[in-house]
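Right, one structure below, let's go through it.
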Amino acid sequence: MADLVSAPPDLRDAAGYATSLAAALTDPSSPLPGFRGPEASTTELRVEHGRALLAELHIQGWNRYGWPVEAGGLGGGARHRAAFYDELSRAGIPAPEQNVILETIGPPILRFGPDLAARFLPACLRGEESWAQGFSEPEAGSDLAALRCRASREGPDGDFVVNGQKTWTTLGHLATRIALLCRTGSTESRHRGLSMLLVDLDSPGVTVRPIRMSTGTNETAEVFFTDVRVRADRVIGEVGQGWAIAMYLLQYERGMYAWMRQAVLFGLLGQLAEQVPAGARENGATRRALGEARLATAALRARSGVTVRRLADGETVGPDASADKLLLSRAEQTVLDVARRVLGPMFVLDPGAEAERWRSTWFYTRAASIYGGSAEIQRGILADRVLMLPGENDR
Amino acid sequence: MTMDTATTVLLRETLHEALSGNGRVDVPAMLAELGWDDVLAEDEAGATRLLFEEQGRALAASPALDAVVLRAIGLAAGPTRVLYPVDSWSSPDMLDGLLLGSVEADTSVLTPSGAGTSATLLCVRFPGRSPAEPVDALDPDAHWCRVRVAVSDAQPLLTGEAASRAWARGLAAGRRALASELIGSGRAVLDLAAEQVRDRRQFGRTIGSFQSVRHRLADAYAGLVGAAALVESAWADGSPSTAACAKAFAARSHAEVLANAMQVSGAIGLTWEHALHRHARRGFGLDALLGSADELVTDAGADLLAGFDLPRFPALDVTPVGTREEEA
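These protein sequence lines map, in sequence, to chains B and V. Plus 450 on top of the position in the first sequence (first one is 1) and you've got the working numbering. Plus 295 on top of the position in the second sequence (first one is 1) and you've got the working numbering.
Rendered as structure tokens:
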């Protein structure tokens, strides 16, 4: 299939694309409906499902819309990608797990490292490789600018040698490469002395250990770097530009990621409604609880939709995006708290896979107010930069 | 068509100034002078959101909601005002509800009755033999009246499915407008609280520097942001269920910002002189009009159980590639 400009007219705008994709995902003569849920029970199986799904979607080009031609896509923008996640959810097909990371790292690599994007992004779209995001460290969580993982330049060719540790790296043990935020200046330089490198995780000196989370699955990993050589052409953007790239990235984490999650949450609400025990369906308390969950998700959908639209139009999304993150954690946690209450004994006692999915997802949603800048960090940003309240150290 | 940013800012300022004048503002006259029909023709959604947000912010009282509901119902001619039913008051032979403000002699007022196939949209000439009593216990500044009319004194305009569909359109439009009014009032409350905590000093520092205070207001802000986005969605997808969600979420967000603002403002925020109680009173009233948050939330849950179909997000349905520079 050629690029978008010569694509059939009904695929050039996101609405036409959404309609055509919806038809393709339910076409009984295609293998795509075979990817319908339920979601696999382990992270490893979910990534495997994602690989197979991406490979299949890539044949007809469906997952290439929204990515530029130079990086293996078919053109179009964030609206196409937003429609992609919405339609997968509508069709009951779990979105590829690895796209959670692609959607956060992809846009900054396209923007700041187009050569790297051209080299490596096509393989992500084919499902052949996946990425990880190396931000948090044991001593640098909410205080990200305190990070210590160091990249020193050595030798005449300007290569880097990386030493240090990352943690809570989502899908780290399954990824091919990591976008590593590391220190190239002095420790005192805080956010000014940071750079971002795209590092191969099979490089000598890299050790990855999965972390089993309270969900029961290996969602994240620890990544250790000991004298890992990284070529100079793996810097995303410029040396010293790491913080700016990380901030650019957070817009997508707060925009497109939130959009992906609202699609998932609406899917879960539909499943929950089907699974409400017969005796509880007429119950006013059940209805109110489900209504609260729907309300929180509807607000997330509306707000993240606005933000995705702004990103698609090339606007810079400022501190206001912290509100999106707060709405995300409220929706995530409300939906699963309601599921726990409404499902009652099933959630507590049933040993089956379906009940385990609800339990595991309940624990997963607890992370929403912690990852990508905790709820406390988001409230601080809003207080300082939107509401213009006095700073916490002001007297 | 949508207004550009400069037009929006200008219109907001104009409305803000007109509505916040001391004393009672004759909103319909003010709108007529502004050429409101032309503004609506240009951007109905944007203009309606601005008007009701500023009305809420200024705590202005007006029957502007009537025009919104009537426009959505779309009768060619006829009633110029609306009687809002209060379910717990009405009986099969008596229409009993609220009128926003007073009416002049011989005004034609629209009101719904019944539901589904037995739905009717009725027209009442008013005031006739029906006395209006002021409803001023909670919020005298709203100038609401209670009106009782025998069903036999009213003329049916539409019946059955046609009436039911028409009223559903009116409800959706009215709920979107009320959501905006709640958001406007909520923003005013947030501004009052932010000003208070920036100025008030205790323990040698401004109380707005305490994390618990900052976080309460930031949470309230996020709720208002979500409510505003939902109103925008409700206009864009036109669906009654999104309009209902928007009103319910706006009412919840209003309650949240109010609770947090009352807490951080201390005793001064609880005085008669302070505007917080007037926003509380107005908020409770707006919540009660056209379905309270509790009722709408219960309906939203029932919808889900009945197999609710999520509307496709029309915000995605925009300018084709090639005419706009998309993100690289």
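We put the CB at the ideal spot given by N, CA and C, even for glycine.
- With respect to the 9 Å criterion, R809(B) and Y698(B) are not classified as neighbours on the basis of their beta carbons.
- Collapsing the DSSP output to three states places C599(B) in coil.
- A residue is called buried once 16 or more other Cβ atoms fall within 10 Å of its Cβ, and E551(V) is buried on that count.
- Under the Cβ criterion of 9 Å, S386(V) is not counted among the residues facing chain B.
- Cβ proximity to chain B below 9 Å picks out A541, A543, F544, R547 and S548 from the stretch 541-561 of chain V.
- Excluding five sequence positions before and after E339(V), none of the CB atoms of its chain fall closer than 7 Å to its own CB.
- When beta bridges are read from the DSSP output, L378(V) appears opposite L394(V).
- Counting only Cβ-Cβ distances below 7 Å, Q506(V) has contacts in chain B at E842, in chain order.
- If you look at N555(V), you'll find it in the alpha helix (DSSP H) that goes P535 to V559.
- Each residue's CA atom was taken as its position, placing A472(V) and L507(B) some 43 Å apart.
- L310(V) and F534(B) have their C-alpha atoms spaced approximately 40 Å apart.
- At a Cβ-Cβ threshold of 9 Å, R576(B) and A505(B) count as neighbours.
- Boundaries of the beta strand (DSSP E) around V658(B): V656 to I661.
- For M710(B), the nearest beta carbon of chain V is not closer than 9 Å to its own beta carbon.
- A Cβ of chain B is located within less than 9 Å of the beta carbon of L485(V).
- Between T736(B) and chain V, the shortest Cβ-Cβ separation is below 9 Å.
- T375(V) and L745(B) have their C-alpha atoms roughly 33 Å apart.
- For C574(B), the closest C-alpha among the options I551(B), S779(B) and E589(B) is that of I551(B).
- Its chain contains no residue whose beta carbon lies nearer than 6 Å to that of D448(V) once the 5 sequence neighbours on both sides are disregarded.
- Boundaries around E428(V) are those of the beta strand (DSSP E), A427 to V430, since no alpha helix (DSSP H) includes it.
- Ranked by Cα distance from G720(B), the first of G487(B), D460(B), A472(B) and A771(B) is G487(B).
- At the C-beta level, G591(B) and R704(B) stay beyond 9 Å of one another.
- The beta carbon of S772(B) sits closer than 9 Å to some beta carbon of chain V.
- The stretch 616-631 of chain B and the stretch 656-667 of chain B touch, with no fewer than 3 CB-CB distances between them shorter than 8 Å.
- Residue range M706 to Q725 is occupied by the alpha helix (DSSP H) that includes Q721(B).
- In this structure C540(V) is in contact with L525(V), their Cβ atoms being roughly 6 Å apart against a cut-off of 8 Å.
- Fully enclosed beta strand (DSSP E) runs of no fewer than 3 residues occupy 627-633, 644-650 and 656-661 of the stretch 620-661 of chain B, in order along the chain.
- Listed along chain B, no residue sits closer than 8 Å to L360(V) by beta-carbon distance, the nearest being about 22 Å off.
- When C-alpha distances from S315(V) are compared across M557(V), A595(V), A522(V) and S357(V), the shortest belongs to S357(V).
- Within 10 angstroms of the beta-carbon of G643(B) lie 16 or more other beta-carbons, which makes it buried.
- The three-state reading of DSSP puts R443(V) in strand, counting E and B together.
- A730(B) is positioned such that its CB atom lies no closer than 9 Å to that of G602(V).
- Annotated as distal: A474(V) and A554(V), with beta-carbon spacing of 9 Å or more.
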